[in-house]
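Asker:
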């Protein structure tokens with residue numbers, strides 16, 4: 043079973059040389075720490091930055107330079123700044139190769155719910171609805187099972203949706219899964235020490251498995 | 043009767059302090075020469091400049107700095123450069139207070155034709171259709187009568203239209219006229235030495251005149 | 283050039299009255315019009331509809347206007363960092379309209395660009411789409427969203443000149459340029475106000491035509507919402 | 283950063299084939315991709331659909347492609363300065379679609395901003411409106427115009443870095459940034475190509491994400507179409 047950093051490490055392997063990538067808040071942010079050396083990737087922050095760098099050194103924080111999670115960050119050589127309209131313009135026009143974001147639920151037809159829990163204070167969808175509706179390639183980073191032991195991979199989302207028919211791939215503490223165009227989850231890899239049966243039990247939506255499901259390689 | 047510079051001089055009197063103004067090619071361009079001192083006006087050139095200055099001195103021409111007539115120009119302190127989409131964005135959102143342009147025909151309901159003569163080579167409408175469809179305040183600078191002696195102020199345009207129901211004021215070699223919201227031209231001023239009768243003869247569209255039509259003041 | 287300079291925030295907001303719709307630039311606490319917000323608080327104008335990506339924190343940014351109950355409605359994409367906001371919302375004192383961040387930005391741009399409506403896929407199939415016109419282009423569904431209609435836009439730039447030209451610094455740019463274009467009256471506060479001619483025309487982000495009043499702000503706190511650092515290796 | 287640098291115009295346009303739709307930046311002869319045009323002429327690609335505000339003059343700009351009859355169709359707002367253009371048009375060799383300049387610019391921007399269509403009042407009630415959907419917003423009529431779909435965009439910037447970031451100089455900016463956003467493949471030629479980090483992120487007009495290939499052009503003629511001067515007093 044993977045911890046959050048393990049999920050981030052596995053997702054990092056999906057990133058190809060030359061990708062522009064938007065990382066959501068939470069586990070997706072951790073992905074930046076595991077991008078293999080030799081792979082040139084540009085991180086987009088939807089508040090208006092391409093070429094996001096690491097956190098600043100203590101004392102070098104710039105209040106005018108934050109990411110979409112409102113954290114102080116740095117820029118890298120070759121970065122560019124733009125306004126929010128252009129930022130979502132490039133998202134909508136699919137110039138961003140990969141979007142990685144968290145979810146509360148994903149359904150077997152690729153719907154995602156990650157912004158609202160009825161009865162709880164709503165914080166807002168931020169840029170998530172734009173990202174999921176626009177991106178050609180979305181990976182969800184999430185826990186397979188919620189805190190009360192229920193599967194978050196469902197036949198149908200129960201929470202208000204963020205986007206429909208948009209998720210292609212999911213990486214959880216248990217597995218890597220594709221969302222099939224015709225509907226259903228396909229088990230691609232299992233986490234180290236996790237059995238296919240356990241993944242089956244933990245997946246409430248339709249799950250397709252093959253005879254031999256390989257274990258994730260994390261390096 | 044006014045010459046081209048006279049028409050430009052009369053139009054310049056319509057420009058108020060604090061106006062952003064777009065000047066078309068031809069007589070409108072001449073208007074810039076007659077803006078009264080003490081009046082602060084910013085000229086927009088729709089190829090992407092606010093704050094257009096005079097022609098450069100010989101030897102100081104910059105091929106990267108032209109106006110919408112493709113003439114070499116200069117910038118003034120406080121000018122700004124932007125792309126063509128923003129340029130027409132500010133035109134459409136009516137940030138430009140006054141548009142001055144030429145016409146082949148204007149009709150009594152404010153339609154304008156100024157871009158195409160059937161049977162002749164069509165050069166294109168350039169930015170004229172955007173300007174006339176967007177501007178809240180348009181003055182047409184034109185000859186009252188064409189080269190074969192026909193009125194250019196018509197009940198209805200005969201040439202393909204550039205825009206409909208958009209012209210509010212016309213300044214010709216003979217007169218200043220308003221286009222009335224309910225249709226028809228209203229004679230406001232006559233050029234020095236020009237009689238109301240002559241203006242009536244020269245206007246094919248419906249013309250409203252008052253008992254006493256004052257002569258233009260040009261200073 | 284046309285001189286847009288006013289003395290201070292108080293003069294700049296002189297005609298903002300109860301019940302007006304006001305856009306405020308900024309993302310989180312980054313690039314917010316601190317001086318204008320302080321002046322609105324001081325003036326005590328009520329029943330504002332605020333269009334801003336976020337709602338500030340309890341004691342800073344738009345949070346200051348919430349504390350004094352000057353806001354009737356917030357139109358935002360994310361309002362998560364504010365306990366007073368939550369209290370007012372749950373008690374029904376405050377109305378909130380949540381819209382996707384890209385839709386928010388593009389509806390501002392649409393206003394500045396004279397486009398009455400735009401199409402976006404954001405929110406298709408979600409509750410955001412309820413009651414909205416949808417349309418399919420090349421097999422993909424879009425919502426039609428309308429341009430904003432704001433009485434005022436309050437924006438914060440780094441540098442500006444008295445002709446109203448603005449230059450933003452780093453990610454404090456965010457919503458400021460699109461809101462600057464969208465206000466019927468746009469008020470810009472800047473850290474450094476210079477004379478026309480001191481800014482390179484090629485570097486200007488917001489042309490002065492979009493800005494109606496400009497002043498040099500003072501005492502910028504520029505509070506950091508999430509101070510994240512790494513340690514020297 | 284991702285390296286977009288290619289050796290020269292020839293390499294940059296390697297996959298532009300007969301029949302493709304190509305956007306070309308520039309206004310008149312100002313800010314046109316001179317090196318790319320020369321390479322297209324040399325390569326002899328035919329049946330191009332060119333989207334460009336103007337069509338050059340007889341012996342420069344897109345006029346060079348017209349002379350060699352490489353253009354099947356021009357989509358422009360103004361094509362007035364070109365005798366060969368006129369000849370081909372009248373003889374039926376060349377197809378031309380004239381569209382309002384603001385519509386041209388905005389249809390480029392729409393493509394770059396992922397907006398399938400936009401609304402503009404330009405052309406309402408004229409022959410430009412023929413066959414087009416119209417719609418009334420708040421009593422004003424608009425045409426719906428579609429985003430362009432161009433295979434390639436060829437743009438010219440002043441400075442660029444190998445990450446594809448572009449900075450334009452003065453009014454040679456014009457259509458270049460919006461076309462840079464709109465091409466499926468965008469090729470930028472620059473007068474000065476530098477390494478990442480040499481351009482101020484706040485000064486960049488076109489972020490590198492929109493640019494697929496970049497090269498340093500050479501031998502820029504930058505011809506002036508209408509040399510107008512005043513005399514020293």
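Chains as they are written, first to last, in the working numbering: chain A, 43 to 261; chain B, 43 to 261; chain C, 283 to 515; chain D, 283 to 515. We put the CB at the ideal spot given by N, CA and C, even for glycine.
Using a Cβ cut-off of 9 Å, which residues of the segment 107-124 of chain A contact any Cβ in chain D, in chain order?
Answerer: From the segment 107-124 of chain A, only 117, 118, 119, 120, 121, 122, 123, 124 have a Cβ closer than 9 Å to chain D.
Asker: Applying the 10 Å Cβ sphere with the 16-neighbour rule, what's the burial state of residue 338 of chain D?
Answerer: Buried is the call here.
Asker: Is there at least one Cβ from chain B nearer than 8 Å to residue 465 of chain C's Cβ?
Answerer: Closer than 8 Å: no.
Asker: So, for residue 59 of chain A: in the same chain, excluding its five sequence neighbours on each side, which residues have a beta-carbon less than 8 Å away from its beta-carbon?
Answerer: Here the set comprises 80, 81, 82, 83.
Asker: Quick check on residue 491 of chain D - is its C-beta less than 8 Å from some C-beta in chain A?
Answerer: Closer than 8 Å: yes.
Asker: In chain order, what residues of the same chain have a beta carbon less than 6 Å from the beta carbon of residue 51 of chain A, not counting five sequence neighbours either side?
Answerer: Cβ neighbours of residue 51 of chain A beyond the five flanking positions: 76, 260.
Asker: Residues of the segment 124-147 of chain B in Cβ contact with chain D at a cutoff of 8 Å, in chain order, please.
Answerer: Cβ contacts with chain D: 124, 125, 126, 127, 129, 130, 131, 133, 134.
Asker: Less than 8 Å between the CB atoms is what I'm expecting for residue 138 of chain A and residue 146 of chain A, so what's the real figure, rounded?
Answerer: Residue 138 of chain A to residue 146 of chain A, Cβ: 23 Å. No contact.
Asker: Output the boundary residues of the beta strand (DSSP E) element that contains residue 443 of chain D.
Answerer: From DSSP, the beta strand (DSSP E) with residue 443 of chain D extends over 432-443.
Asker: Suppose only complete runs of 3+ residues qualify. What are the beta strand (DSSP E) ranges in the segment 354-380 of chain D, listed by chain order?
Answerer: Listed in chain order, they are 377-380.
Asker: Counting along the chain, where does the beta strand (DSSP E) carrying residue 74 of chain B start and finish?
Answerer: Unbroken run through residue 74 of chain B: none, as it is neither H nor E.
Asker: Just mark residue 184 of chain B as buried or exposed, buried being the case when its beta carbon has 16 or more other beta carbons within 10 Å.
Answerer: Burial call: buried.
Asker: Residue 458 of chain D lies in the alpha helix (DSSP H); which residues open and close that run?
Answerer: Segment 458-464, the alpha helix (DSSP H) holding residue 458 of chain D.
Asker: Residue 391 of chain D touches chain B at which residues, Cβ-Cβ below 8 Å?
Answerer: Simply 127.
Asker: Determine the chain D residues that contact residue 387 of chain C at a beta-carbon separation under 7 Å, and present them in chain order.
Answerer: Ordered by position in chain D, no residue passes the 7 Å Cβ test against residue 387 of chain C, which lies about 10 Å from the chain.
Asker: Beta-carbon within less than 7 Å of residue 122 of chain B's beta-carbon, same chain only, minus the 5 sequence neighbours each way: which residues are those?
Answerer: 92, 93.
Asker: Going by CA-CA distance only, name the one from B/216, B/249, B/232 that's closest to residue 225 of chain B.
Answerer: Comparing Cα positions, the closest option is B/249.
Asker: Are the C-beta of residue 205 of chain B and some C-beta of chain D separated by less than 8 Å?
Answerer: Judged by the 8 Å Cβ criterion, residue 205 of chain B is in contact with chain D.
Asker: Looking at the C-beta of residue 451 of chain C, does it have a partner C-beta in chain A at a distance below 8 Å?
Answerer: Yes, contact with chain A.
Asker: Nearest CA to the CA of residue 300 of chain C: which residue from C/433, C/454, C/414, C/290?
Answerer: Among C/433, C/454, C/414, C/290, the Cα nearest to that of residue 300 of chain C belongs to C/433.
Asker: Of all the residues that make up the segment 76-108 of chain A, which are near chain D by a beta-carbon distance shorter than 9 Å?
Answerer: Per Cβ criterion, the list reads 82, 83, 84, 86, 91, 92, 93.
Asker: Cβ atoms of residue 331 of chain D and residue 355 of chain D: under 8 Å apart, would you say?
Answerer: Contact: yes.
Asker: Pull up the distance between the alpha-carbon of residue 208 of chain A and that of residue 71 of chain A, whole angstroms please.
Answerer: Answer to the nearest angstrom: the Cα atoms are 20 Å apart.
Asker: How about residue 124 of chain A and residue 88 of chain A: are their beta carbons less than 8 Å apart?
Answerer: Cβ distance not < 8 Å, so residue 124 of chain A and residue 88 of chain A don't count as in contact.
Asker: Pull up the distance between the alpha-carbon of residue 513 of chain C and that of residue 336 of chain D, whole angstroms please.
Answerer: In a straight line, the C-alpha of residue 513 of chain C is about 55 Å away from that of residue 336 of chain D.
Asker: Short of 6 Å in beta carbon distance, which residues of its chain neighbour residue 391 of chain D, apart from the five on each side in sequence? Order them along the chain.
Answerer: Excluding sequence neighbours, residue 391 of chain D sits near 460.
Asker: At 4 residues or longer, and completely inside the segment 74-152 of chain A: list those alpha helix (DSSP H) runs for me, N to C.
Answerer: With a minimum length of 4 residues, the continuous alpha helix (DSSP H) runs that stay inside the segment 74-152 of chain A are 126-134.
Asker: Looking at residue 120 of chain B and residue 442 of chain C, is the spacing between their C-beta atoms short of 8 Å?
Answerer: No.
Asker: Give the interface partners of residue 394 of chain C over in chain B, defined as CB-CB distance under 8 Å, in chain order.
Answerer: Within chain B, the residues near residue 394 of chain C are 131, 132, 135.
Asker: If you measure between the beta carbons of residue 324 of chain D and residue 352 of chain D, is that distance less than 8 Å?
Answerer: No; because the gap between Cβ atoms is not below 8 Å, this pair is not in contact.
Asker: Quick check: what's the CA-CA separation for residue 150 of chain B versus residue 397 of chain C?
Answerer: Their Cα atoms are separated by approximately 29 Å.
Asker: Beta-carbon separation of residue 314 of chain C and residue 343 of chain C under 8 Å?
Answerer: The answer is yes: Cβ separation under 8 Å.
Asker: For my contact list, residue 509 of chain C and residue 487 of chain C are in at a C-beta cut-off of 8 Å; report their separation, rounded to the angstrom.
Answerer: So it is not a contact: roughly 27 Å between Cβ atoms.
Asker: State the DSSP-derived secondary structure class of residue 61 of chain B, mapped to helix, strand or coil.
Answerer: Reduced to three states, the DSSP call for residue 61 of chain B is strand.
Asker: Within the same chain, show all residues whose beta-carbon is closer than 8 Å to that of residue 395 of chain C, passing over the 5 residues directly before and after it, in chain order.
Answerer: 463.
Asker: Given a cut-off of 8 Å on the beta-carbon distance, is the pair residue 152 of chain B and residue 359 of chain D in contact?
Answerer: In this structure, residue 359 of chain D does not lie closer than 8 Å to residue 152 of chain B by Cβ.
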